[in-house]
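All letters in the sequence shown, in the order written, are residues 47 to 382 by my numbering.
Positions of the beta carbon are idealized from the N, C-alpha and C atoms, including for glycine.
The model shown is predicted, which means the values in this text are computed figures rather than measured ones.
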Amino acid sequence: MLIFLLFFLPWLWGEPSQAAPAEPPDLPEDAQDPPPDQTPPPDPPDPPAASIDEKTSLNVLVEGTLQSMDMGTYLLGVVRAEMPASFEAEALKAQAVAARTYTLYKMANGGAPSHPEADACDDITCCQAYKTYASAAAGWGDEAAAYEAKVRAAVEATDGRCILYEGRPVLAVFHSSSAGATQDASDVWSASLPYLRSVETPEDEAAVPGYRSTAVFQAARLKELLQAALPEAALGGSPSNWFTNIRQQPNGTVTALTVGGVEVGGNQLRTILDLRSACFTMAFDGDQVTFSVTGYGHGVGMSQYGANVLAQGGMTYDEILRWYYTGAEVGPYERP
Ligand SMILES: [Zn+2]
47 MLIFLLFFLP WLWGEPSQAA PAEPPDLPED AQDPPPDQTP PPDPPDPPAA SIDEKTSLNV
107 LVEGTLQSMD MGTYLLGVVR AEMPASFEAE ALKAQAVAAR TYTLYKMANG GAPSHPEADA
167 CDDITCCQAY KTYASAAAGW GDEAAAYEAK VRAAVEATDG RCILYEGRPV LAVFHSSSAG
227 ATQDASDVWS ASLPYLRSVE TPEDEAAVPG YRSTAVFQAA RLKELLQAAL PEAALGGSPS
287 NWFTNIRQQP NGTVTALTVG GVEVGGNQLR TILDLRSACF TMAFDGDQVT FSVTGYGHGV
347 GMSQYGANVL AQGGMTYDEI LRWYYTGAEV GPYERP
């Protein structure tokens, strides 16, 4: 009995068992509250993610005055001016990315010869439109605060993102609306670019204000405009004889024609006569010529109204951009 007690006494007295671990078992750190007086100082908050747009500074000619601003500020002005702020959020993001990409492409390719001192200007025939908040808000009325928030969200959510082809920003041209299909760049301009191809686009009369328009000219005025731009053209007799050899895309866009014996691009004629697009038919009635026009713009790259219809159908901005810029990718890009 004594032997038995001697053997078991340590156990009876509660001494630690030799089988117990010398150290307390590992516990997840958050399972052990430290004593209050030993609470470590909180970690400093993460710095805000570095904005690529904020790091990209631009000189912009606004109403003839050179202003220095970052890319994010510039893009707010472009998106306000270039797309209705009532559009879907994803369409506005697609616009912000296209505008950013267009700007960086231009900067990387020598800028605009008309303003070597500026990276961009506010002339739509040279660069992109640009509106200050005050100017945009005057048109937005009661919606001004909400629309500005949408524009700002589109720019910030796509910070630094560009449309890229072989890793470089593309010539991200865009236009207002097309008739069923966009145009291949080679059918509108002399250059052919692999990502500026004709693709289907979903906008129609119901989606686009002014989708169909007419331009009516008296023969004398028409002759004056054509002769000024095409001095070699022989424009005698009835206007119905002036336009020959008209070549059209399946959607009706005129790619080229002969005017009084002079070869003219459809987009060139559109510019000469200030038509809304090169998708037109002509009707002759005595001394009067009527151009019936569908869509608005040169027809190349993203259709803005098409982008809005695609966004309404659930497409995200990068899907929209990949739809309109064949073979391109969308990703962050920083100037080298
Ligand atoms: Zn410019």
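Put simply, the region 210 to 218 touches the region 367 to 377. At least three CB pairs are less than 8 Å apart.
Taken in chain order, the whole beta strand (DSSP E) runs of length 3 or more contained in the region 203 to 275 are 207 to 211 and 258 to 264.
In chain order, the residues that have a beta carbon nearer than 5 Å to some heavy atom of ligand 1 are ALA158, CYS167, CYS172 and CYS173. Residues LEU121, VAL124, VAL125, GLU128 and GLN174 of the same chain have their beta carbon placed closer than 7 Å to that of ALA145, with the five preceding and five following residues left out of the count. In the three-state reduction of the DSSP assignment, GLU380 falls in the coil class. Under DSSP, SER349 forms a beta bridge with HIS221. For the pair of segments examined, the region 136 to 144 was found to touch the region 345 to 359: the number of CB pairs separated by less than 8 Å reaches three. When C-beta atoms of the region 293 to 302 are compared with those of the region 321 to 336, three or more pairs fall below 8 Å, so the two segments count as touching. Secondary structure note for ILE170: it is in no beta strand (DSSP E), with a DSSP letter that is neither H nor E. If you look at GLN294, you'll find it in the beta strand (DSSP E) that goes 289 to 294. For LEU107, the three-state secondary structure derived from DSSP is strand. About 7 Å separates the beta carbon of ALA227 from that of VAL245, a gap short enough to meet the 8 Å contact definition. Excluding residues up to 5 positions away in sequence, VAL335 lie with their Cβ nearer than 6 Å to the Cβ of PHE263 in the same chain.
Going by DSSP, GLY311 is part of no alpha helix (DSSP H) but of the beta strand (DSSP E) stretching over 308 to 311. Distances from the alpha-carbon of GLY343 to those of ILE366, GLN229 and GLY157 put GLN229 closest.
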